[in-house]
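See structure below.
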Amino acid sequence: MRRLSSVQQKVPCLFLTEVKAEQSRKRLCQPFQVIATEHVNPLALACGVESALATEKLDGTCCYVTRYEGQPYLWARLDRKPTKLADKRFKKYQLSHNGCKGVDSHGLVEEDFRAVPEAWIPAHGVRHQEGQPVPDDHAHIPGWVPVQTDNKQYCWHSSTVDYGAGVALVLRPRGQSPDLLELTLVPLGDLLEQTLELIGTNVNGNPYGMGTKKEPLHALVSHGSVRVRGPPPALDLQGLSSWFQESSEGRVEGIVWHCDDGTLVKIHRHHLGLAWPEGNCSFSSRPVEVHMDWTADQDYRLPSKDLFASLSRLDGRRFSRLQDVCFDT
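The opening residue of the sequence shown carries number 61 in my numbering; numbering runs sequentially from there.
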């Protein structure tokens, strides 16, 4: 079975891109738009994207499972970014050079970057110079910070894990069924060195309609675990644009291709000038079963999380759509 890659760095676009001086459809405060051209990225072709595994790009926030103080731990994405003034200076430079990449030529230095928590670590693949991580072409240093239960900033991340029991709440395809999903507990140790997407009620405007304000619902989805439904679309600009707009399977934020050599390549609706979210999302329309009967060794104790307790009362229940999962009895 093909081993899926983790998302540690910015994922390149399937097509070569250009920068236009117009309001971004993805980021409200960004005065430029990154648009795909008709030319397929040579990197994608060299990595065999034609035979790559096409998976759904989910709209949430990136997480990572690795060890912290000796035990498997959930980490939140925290990129080290320039200060407001330095970022403004960099974006002005980028726009004036039509998206030309190359932070070093713009002269950003250590003092131009925001401070990060002591436990912060740089992501895999970050270049180092004289022992220090080097920013990427976007002037960011991708990295991670451990999700600690007393940090309110990451309360929705924290709601999906129980460190005492060593488990995480995962949403994943169930068995061989192409469409059926399951909400279940997975040992954190089984997720080591994987990246996952946190989705749910209070993440990115909740495009999947999960939970409610009174009963929020969040879950982790392993990157690459959700395949694109139906035949993968053709790898040309017009074909992809038509697929996103006309196919029921195309009601997704984007596609991430997992190439055989480990390279990841993506396309986002915004690259094609298309809106997101758009109507009833494909992912939220999938049926879901709840399975909270996780079996562990003799040291296992029942997770104390309110979310886990609520879901345990739904054990064995099946809902016709992800957005229909509710805790009302």
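The beta-carbon is built from N, C-alpha and C at its ideal position, and this holds for glycine as well.
Cβ of residue 295 within 8 Å of Cβ of residue 100?
yes
Tell me the DSSP secondary structure of residue 62 in three-state form.
Bear in mind that a pLDDT of 49 at residue 62, under 50, signals an unreliable position, so the number given afterwards is only what the model happens to contain. It is coil, neither helix nor strand.
Continuous beta strand (DSSP E) stretch holding residue 203: start and end:
203-206
Between which residues of its own chain and residue 219 is the CB-CB distance below 6 Å, once the five residues before and five after are set aside?
278, 367
Straight-line gap, residue 358 to residue 247 (C-alpha atoms, nearest Å):
Caution applies to residue 358, whose pLDDT of 42 falls short of 50 and renders its modelled position unreliable; the value that the coordinates give is listed next. Cα to Cα, the separation comes out at about 14 Å.
Where does the unbroken beta strand (DSSP E) through residue 256 begin, and where does it stop?
Looking at the DSSP string, the run of the beta strand (DSSP E) that includes residue 256 is 255-260.
Touching by the beta-carbon criterion (3+ pairs, under 8 Å), the region 224-233 and the region 295-307
Too few Cβ pairs lie closer than 8 Å, so no.
When 147, 78, 257 are compared against residue 199, the one with the closest alpha-carbon:
147
Taking DSSP as the reference, what is the three-state secondary structure of residue 319?
Coil, per DSSP.
Measure the alpha-carbon distance for residue 251 versus residue 132 and round it to whole angstroms.
Residue 132 has its alpha-carbon roughly 8 Å from the corresponding atom of residue 251.
Can you give me the start and stop residues for the alpha helix (DSSP H) that residue 282 sits inside?
Here residue 282 belongs to no alpha helix (DSSP H); instead the beta strand (DSSP E) covers 278-282.
For residue 326, count neighbouring Cβ atoms within 10 angstroms of its own Cβ and tell me buried if that reaches 16, exposed if not.
buried
In the structure shown, what three-state DSSP assignment does residue 127 receive?
Looking at residue 127 - three-state DSSP - the assignment turns out to be strand.
Suppose you measure from the CA of residue 171 to the CA of residue 153; what does that come to, to the nearest Å?
18 Å
Note down the Cα distance separating residue 390 from residue 241, rounded to an integer number of angstroms.
With the chain represented from 61 up to 389, any question about residue 390 goes unanswered, as that position is not in the structure.
Per the DSSP calculation, residue 117 is bridged to which residue(s)?
Listed as beta-bridge partners of residue 117 by DSSP are 314.
Under the three-state reduction of DSSP, which class applies to residue 210: helix, strand or coil?
It is coil, neither helix nor strand.
Quick one: give me the first and last residue of the alpha helix (DSSP H) that residue 102 is part of.
102-106
Counted within 10 angstroms of its Cβ, other Cβ atoms place residue 188 as buried (16 or more) or exposed:
exposed
Helix, strand or coil for residue 329, going by three-state DSSP, please let me know.
In this structure, residue 329 counts as helix in the three-state DSSP scheme.
Residue 331 and residue 73 closer than 8 Å at C-beta
yes
For residue 103, which residues from the same chain have a beta carbon less than 8 Å from its beta carbon, with the 5 sequence-adjacent residues on both sides left out?
72, 323, 325
With burial defined as no fewer than 16 other Cβ atoms inside 10 Å of the residue's Cβ, what is the status of residue 123: buried or exposed?
buried
Proximity winner among 196, 143, 351, 216, relative to residue 176 (alpha-carbon distances):
143
Beta-carbon separation (whole angstroms), residue 318 vs residue 115, contact threshold 8 Å:
For residue 318 against residue 115, the beta-carbon gap comes to about 6 Å, under 8 Å, which counts as contact.
Label residue 78 either buried or exposed according to how many other C-beta atoms from any shown protein chain fall within 10 Å of its C-beta, with 16 as the threshold for buried.
exposed
Quick test of your reading: residue 311 and residue 339, contact by CB under 8 Å. State the CB separation rounded to the nearest angstrom.
6 Å
Give me the Cα-Cα distance between residue 204 and residue 174, rounded to the nearest whole angstrom.
Roughly 14 Å separates the two Cα atoms.
In chain order, what residues of the same chain have a beta carbon less than 8 Å from the beta carbon of residue 66, not counting five sequence neighbours either side?
So the qualifying residues of the chain are 124, 184, 253, 254, 255, 283.
Starting from residue 78 and walking both ways along the beta strand (DSSP E), at which residues does that stretch end?
75-80
Residue 280 versus residue 150: straight-line alpha-carbon distance, rounded:
34 Å
Give me the residue from 111, 349, 215 with the minimum Cα distance to residue 372.
Residue 349 is the option with its Cα nearest to residue 372.
Could you give the residue range of the beta strand (DSSP E) that holds residue 242?
241-247
Would you call the CB atoms of residue 309 and residue 288 closer than 8 Å?
The answer is yes: Cβ separation under 8 Å.
Roughly how many angstroms lie between the CA atoms of residue 186 and residue 195, to the nearest whole one?
Residue 186 and residue 195 have their alpha carbons spaced roughly 8 Å apart.
Residues near residue 276 in its chain [Cβ-Cβ closer than 7 Å; skip 5 each side]
260, 261, 262
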